[in-house]
Amino acid sequence: MRKLLLYVANRIQVILILYVLSILGAAFLFSHLESKTFVDGLWWACVTSLTIGYGDLSPMTIEGRLMAIVFAHFWIFCIIPMIIASIITNILVDKSAFTHDEQEWQEKSLQKIADKLGITLDPPPRDF
Numbered sequence: 001m002r003k004l005l006l007y008v009a010n011r012i013q014v015i016l017i018l019y020v021l022s023i024l025g026a027a028f029l030f031s032h033l034e035s036k037t038f039v040d041g042l043w044w045a046c047v048t049s050l051t052i053g054y055g056d057l058s059p060m061t062i063e064g065r066l067m068a069i070v071f072a073h074f075w076i077f078c079i080i081p082m083i084i085a086s087i088i089t090n091i092l093v094d095k096s097a098f099t100h101d102e103q104e105w106q107e108k109s110l111q112k113i114a115d116k117l118g119i120t121l122d123p124p125p126r127d128f
């Protein structure tokens, strides 16, 4: 489960798909459970997901209220933190850092050069 969350949190495309699907799904459920139009459901889903809560539309049925509770908590505890984590990760991650394979290739290439020149490379420092 942790790997899945890390995968999703680091993929903005997946977050955007979850964002759109949750809005559309909540809009559909709201319109169906509360006998409103899809546009009303879309309005309610957007207002609820952004934690604005104007109060002009709110669920009246038990099913609608349960769905609203799940939807609001899903947004507060899943979608919003994933968006924030994705933004922070994109800011902090060094995109120019060498991958493990690139480092291995560099070490092999350096060793080949040293062998051709007939020199011995110093071992890496202990704190590496």
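Under full-length UniProt numbering, residues 1 to 128 are what the sequence shown spells out, in order.
Note that beta-carbon positions come from the ideal geometry of N, C-alpha and C, so glycine has one too.
- Setting aside the 5 residues that flank it on each side, G64 is surrounded in the same chain by F30, L33, E34, each with a C-beta closer than 7 Å to its C-beta; the list follows chain order.
- CA-to-CA, the gap between K112 and N90 works out to about 36 Å.
- Taken atom to atom, the span from the alpha-carbon of I83 to that of A68 is near 21 Å.
- DSSP places M67 in the helix class (H, G or I) of the three-state scheme.
- In the DSSP assignment, A45 falls within the unbroken alpha helix (DSSP H) covering 38-49.
- By the beta-carbon neighbour count (other beta carbons within 10 angstroms, threshold 16), S109 is exposed.
- Closest by C-alpha distance to K36, out of L21, F71, Q13, T61, is T61.
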